[in-house]
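Student: Using mature numbering (1 follows the signal peptide of the UniProt record, and there is no 0), the letters of the sequence shown correspond one by one to residues -21 to -1, 1 to 113. Built from N, CA and C at the ideal position, the CB exists for glycine as well. Below is the structure I would like to discuss, written out as structure tokens.
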Amino acid sequence: MRWLAAAVALAGIASASPAQAAPSDPPFGPIRMNATAYYGTLDVIARETLGLKAQFTTWDGHPVAGLPIQFTTTGERFPLCEATTDFGGWAECKNGPVPPPVSLANLLVNGYDAVWQGNRRFAPVSAHNNIGIG
């Protein structure tokens, strides 16, 4: 009879402890990224930016392809253009018109940002650089 009481007690303990559910998210967070933006130029007469370029890599230096990168004005945060990273991790807007609400003075003084918004796999990151008259 004692073994029956022990079996009932063990069954009660086993049923009281819930089974662990499989996590829906990966055990680690998104992969950290590095971003480097390069000096761009502005054609004031044509009102367009030239050569806005940035490289996106993982924290250990591997380039990341296929990321949609937004190039925006610093401060005002108006979008200038969007480009997708290539196999070397480079995103470039060779020439793009500057939208009318964007202040050329702000663009020249404050520069631009290359922004990756992030997703479940890669963490968000941005890089900043200046724009000069070209």
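Would you decide whether Ile24 is buried or exposed? Buried here means 16 or more other CB atoms lie within 10 Å of its CB.
Tutor: To locate residue 24, count along the sequence shown from 1; it is residue 45. Per the 10 Å Cβ criterion, exposed.
Student: What's the call for Glu55, buried or exposed, on a 16-neighbour Cβ count within 10 Å?
Tutor: In the sequence shown, residue 55 corresponds to position 76, counting from 1. Glu55 should be labelled exposed.
Student: Based on the DSSP secondary-structure assignment, which residues constitute the bridge partners of Ile48?
Tutor: As a working note, residue 48 is residue 69 in the sequence shown. Note: Ile48 sits in a beta bridge opposite Ala62.
Student: Rounded C-beta distance between Gly19 and Thr28? I'm assuming under 8 Å.
Tutor: Translated into positions along the sequence shown, residue 19 becomes position 40. Translated into positions along the sequence shown, residue 28 becomes position 49. The beta-carbon separation of Gly19 and Thr28, rounded to 6 Å, stays under the 8 Å limit for a contact.
Student: Any idea what DSSP makes of Ala25, helix, strand or coil?
Tutor: To locate residue 25, count along the sequence shown from 1; it is residue 46. DSSP places Ala25 in coil when its eight states are reduced to three.
Student: Taking 8 Å as the threshold (C-beta atoms), are Phe50 and Cys72 in contact?
Tutor: Numbered from 1 along the sequence shown, position 93 holds the residue referred to as residue 72. Numbered from 1 along the sequence shown, position 71 holds the residue referred to as residue 50. Cβ distance < 8 Å, so Cys72 and Phe50 count as in contact.
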